[in-house]
Amino acid sequence: MSNQRTIEVSIFNGYFSSKILTDITYSDKQGVTVSNVTLPLLFSRLSLKILSIDIDSHGTDSINCTISFHFLNAETVTLVVSGNRSLPLPLSPNWSHGITETLEWKTNVHQSQTGAEQRVAMRLTPRRIFEFQTLIHKHERRQIENILFQNYLSSFSLPIYSDIALLDREIKPGDKTIYLSTIGRDYHIGGNLTVIDGSNTIVGNIESIKSSSITLSEPIYTAVLKGAKVFPIKSAKLTEPPKIIRRTDELATAELRFLIVEKNDINVNVELPIYNNFYVLEQEPDWSDDVHVSYESMRREIDNQTGIVYYSDSASRVFITQSHEFLINGRNKQLELRALFYALRGRQKPIFVPSFSNDCKLVDDATSEILDIEQNNMTETDFGGQFLRILLSGNRILYREIVNVKSNNKGGLRLLLNKKVAFMRQEVIKISIMRLCRLNDDKVVWEHLTDADGTARVNVTFREVRYELE
Numbered sequence: 055m056s057n058q059r060t061i062e063v064s065i066f067n068g069y070f071s072s073k074i075l076t077d078i079t080y081s082d083k084q085g086v087t088v089s090n091v092t093l094p095l096l097f098s099r100l101s102l103k104i105l106s107i108d109i110d111s112h113g114t115d116s117i118n119c120t121i122s123f124h125f126l127n128a129e130t131v132t133l134v135v136s137g138n139r140s141l142p143l144p145l146s147p148n149w150s151h152g153i154t155e156t157l158e159w160k161t162n163v164h165q166s167q168t169g170a171e172q173r174v175a176m177r178l179t180p181r182r183i184f185e186f187q188t189l190i191h192k193h194e195r196r197q198i199e200n201i202l203f204q205n206y207l208s209s210f211s212l213p214i215y216s217d218i219a220l221l222d223r224e225i226k227p228g229d230k231t232i233y234l235s236t237i238g239r240d241y242h243i244g245g246n247l248t249v250i251d252g253s254n255t256i257v258g259n260i261e262s263i264k265s266s267s268i269t270l271s272e273p274i275y276t277a278v279l280k281g282a283k284v285f286p287i288k289s290a291k292l293t294e295p296p297k298i299i300r301r302t303d304e305l306a307t308a309e310l311r312f313l314i315v316e317k318n319d320i321n322v323n324v325e326l327p328i329y330n331n332f333y334v335l336e337q338e339p340d341w342s343d344d345v346h347v348s349y350e351s352m353r354r355e356i357d358n359q360t361g362i363v364y365y366s367d368s369a370s371r372v373f374i375t376q377s378h379e380f381l382i383n384g385r386n387k388q389l390e391l392r393a394l395f396y397a398l399r400g401r402q403k404p405i406f407v408p409s410f411s412n413d414c415k416l417v418d419d420a421t422s423e424i425l426d427i428e429q430n431n432m433t434e435t436d437f438g439g440q441f442l443r444i445l446l447s448g449n450r451i452l453y454r455e456i457v458n459v460k461s462n463n464k465g466g467l468r469l470l471l472n473k474k475v476a477f478m479r480q481e482v483i484k485i486s487i488m489r490l491c492r493l494n495d496d497k498v499v500w501e502h503l504t505d506a507d508g509t510a511r512v513n514v515t516f517r518e519v520r521y522e523l524e
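To convert, note that position 261 of the sequence shown is 315 in this note's numbering; the numbers rise steadily by one, no gaps.
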């Protein structure tokens, strides 16, 4: 909870005689109070009374209070109130530096001598870390510095700034439903949101969600104009002390790093083609940045410092690693990419990754399972090139497996595919080698250059796995 809450509880007298509530005690009050009771309180036979319990927003992070209702000549009734508090943090990020979001999975990778892997996901959902800089001035600087100093170890209500939405309608006092676009934004039932209208900040608990509106569990008693900013908020803790630089006596910058301490899950399907039961990556890298390719092996060096150095490789092959930078625009595209990373679960799940380069130059029209290409030194023992991604005009894409590689009588190579193809040579835009890969790291760094309606950059590295042993 991020603001003061009132909950209602019902107590039913199931006796055929009246009972009197004589006292209410608390195991540890922690800002929890039964508010609308005047003792002693008479419960008529077979009667129901509704009591209000107020929970203050100030206090310890964790709430665990047992309320005991003591009745004359009847058993004591107990109620356990538990939950967590988080402090509102009235900050705005400095978008000239962007916001960095890090998704961290944890995967145990057990690798055999042949390069086969067993990958065990230790987290079903990732940890989320947000880093950003904020500019604080005058009264805001004094307020923020004191909040951070006094509550460094506390939980904070962190707005998810990249999921900003604007109110489509004004809020009138007493309204429980607010109108905004929720598509692609991190709202969930039981979660919280904040409405910011200038210096006025309102926090509400979410009762239900529609694509264009949210109903809160309690009404809003303050009028809010159309166009006010709305953010989902998450409970978060500082992972390290904030770095504050005082530029003048009234101006400072603060660098903050927060870890979300809630479950981080999404319910979005992956919109990618599937080939041989694995997803295929279809978004080309951002070619404004270089694509880095390297080779990993299981080669071991044996050197006694006196004789000839000996090398052994139990896998007898190399594994290609390839960088891939995503430059994504728009909320839907960002949500699709996020869904993919959640499906891959860090290093656990593999995906087909094309090189997106022109690896095979076609020299003749294709009318069967055979492709004649220029000589590129691909051989039958080239275990890394069993699959092709064939991009044709009209954005037609074919996936094929290479069954065999032979030299042809034209000085080039003849590829035998697992399935027939039919296209003219001039229809081919490029033919790329495609490999089954996994992420090379459990950490995915998401650079929000703007909010999610704009642009973000994600740079990851894929590592090849042995398809035949998956």
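Backbone N, C-alpha and C fix where the C-beta goes; we use that ideal spot for every residue, glycine too.
Quick caveat: nothing in here was measured; it's all calculated off a predicted structure.
Inter-residue spacing [alpha-carbon to alpha-carbon] between residue 522 and residue 316
Cα atoms of residue 522 and residue 316: separation of roughly 38 Å, rounded to the nearest angstrom.
Can you have a look at residue 241 and say buried or exposed, based on whether 16 or more other CB atoms are within 10 angstroms of its CB?
Note on residue 241: 16 or more other CB atoms within 10 angstroms of its CB, so buried under the neighbour-count rule.
Could you compute how far the alpha carbon of residue 129 sits from the alpha carbon of residue 122?
Here the C-alpha atom of residue 129 lies approximately 10 Å from the C-alpha atom of residue 122.
Indicate the three-state DSSP secondary structure (helix, strand or coil) for residue 204 in the structure shown.
DSSP, read as helix, strand or coil, puts residue 204 in helix.
Taking the straight line between their C-alpha atoms, what separation do you get for residue 313 and residue 294?
If I take the Cα positions, the gap works out to 10 Å.
From residue 139 to residue 163, what does the alpha carbon distance come to, in whole angstroms?
Rounded to the nearest angstrom, the gap between the Cα atoms of residue 139 and residue 163 is 37 Å.
Residue 141 versus residue 111 - alpha carbon distance:
Straight through space, the alpha carbons of residue 111 and residue 141 are spaced by roughly 8 Å.
According to DSSP, is residue 365 helix, strand or coil?
Residue 365 falls in the strand class under three-state DSSP.
Looking at residue 485: is its Cβ nearer than 8 Å to the Cβ of residue 414?
Contact: yes.
Please go through the same chain and pick out, in chain order, the residues whose beta-carbon is closer than 6 Å to the beta-carbon of residue 59, but skip the five residues on each side of it.
Result list for residue 59: 109, in chain order.
Would you list the residues sitting across from residue 353 in a DSSP beta bridge?
Residue 353 is bridged to 367.
In the DSSP assignment, find the beta strand (DSSP E) that holds residue 165 and state where it starts and stops.
From DSSP, the beta strand (DSSP E) with residue 165 extends over 161-165.
Rounded Cβ spacing between residue 210 and residue 306 (contact assumed at less than 8 Å):
Residue 210 to residue 306, Cβ: 18 Å. No contact.
Starting from residue 97 and walking both ways along the beta strand (DSSP E), at which residues does that stretch end?
Residue range 95-97 is occupied by the beta strand (DSSP E) that includes residue 97.
Taking the C-alpha atoms as reference points, what is the distance between residue 285 and residue 113?
If I take the Cα positions, the gap works out to 24 Å.
Roughly how many angstroms lie between the CA atoms of residue 243 and residue 271, to the nearest whole one?
If you take the alpha carbons of residue 243 and residue 271, they lie about 10 Å apart.
Whole angstroms are fine: how far does the CA of residue 72 sit from the CA of residue 216?
Going from the Cα of residue 216 to the Cα of residue 72 covers about 57 Å.
What span of residues does the alpha helix (DSSP H) with residue 522 cover, start to end?
Here residue 522 belongs to no alpha helix (DSSP H), and DSSP marks it neither H nor E.
Hey, residue 152 and residue 524: beta-carbon distance below 8 Å or not?
For the 8 Å CB-CB criterion, residue 152 and residue 524 do not form a contact.
Spatial neighbours of residue 238 within its chain, please: C-beta separation below 7 Å, excluding the five flanking residues on both sides.
Taking residue 238 as the centre and dropping the five residues before and after it, the same chain places the C-beta of 385, 386, 389, 506 closer than 7 Å to its C-beta, in chain order.
Give the C-beta separation of residue 248 and residue 268 to the nearest angstrom, bearing in mind that I take them to be a contact with Cβ-Cβ under 8 Å.
The C-beta distance from residue 248 to residue 268 rounds to 12 Å, too long to meet the 8 Å contact threshold.
Around the C-beta of residue 333, are 16 or more other C-beta atoms found within 10 angstroms, so that it is buried, or is it exposed?
When all chains shown are included, residue 333 counts as buried.
On the three-pair Cβ rule with 8 Å, is the stretch 193-202 touching the stretch 165-174?
Contact fails between the stretch 193-202 and the stretch 165-174, because fewer than three Cβ pairs, one in each stretch, are under 8 Å apart.
Element boundaries [alpha helix (DSSP H), containing residue 387]:
From DSSP, the alpha helix (DSSP H) with residue 387 extends over 385-398.
Alpha carbon to alpha carbon, how far is residue 277 from residue 212?
About 23 Å.
CB of residue 319 within 8 Å of CB of residue 179, strictly
Yes. Within cutoff.
Opposing strand residues paired with residue 514 [DSSP bridges]:
Answer is 378, bridged to residue 514.
To the nearest angstrom, how far is the alpha carbon of residue 167 from that of residue 369?
As the crow flies, the alpha-carbon of residue 167 is around 6 Å from that of residue 369.
Measuring CA to CA, which of 365, 64, 346 is closest to residue 377?
The option with the nearest alpha carbon to residue 377 is 346.
Let me know the secondary structure DSSP gives residue 187 once reduced to three states.
If DSSP states are grouped into helix, strand and coil, residue 187 belongs with the strands.
Integer Cβ distance of residue 455 from residue 472, believed to fall under 8 Å:
The distance from the Cβ of residue 455 to that of residue 472 is about 4 Å, consistent with a contact at the 8 Å cut-off.
Validate contact between the stretch 334-345 and the stretch 405-423 using beta carbons, cut 8 Å, 3 pairs:
Contact annotation: the stretch 334-345 touches the stretch 405-423, with at least three C-beta pairs closer than 8 Å.
Leaving out five residues before and five after residue 417 in sequence, what residues of the same chain have Cβ atoms less than 8 Å from its Cβ?
Residues of the same chain with a CB within less than 8 Å of the CB of residue 417, apart from the 5 flanking positions on each side, are 426, 427, 428, 464, 466, 479 in chain order.
Report the rounded CA-to-CA distance for residue 259 versus residue 191, giving the unit in angstroms.
Straight-line spacing of the CA atoms in residue 259 and residue 191 works out to 30 Å.
Identity of the residue in 303, 447, 87, 233 nearest residue 120 by Cα
Out of 303, 447, 87, 233, 87 has the C-alpha closest to the C-alpha of residue 120.
May I have the straight-line CA-CA distance separating residue 149 from residue 503, to the nearest angstrom?
Rounded to whole angstroms, residue 149 to residue 503 spans 7 Å at the Cα level.
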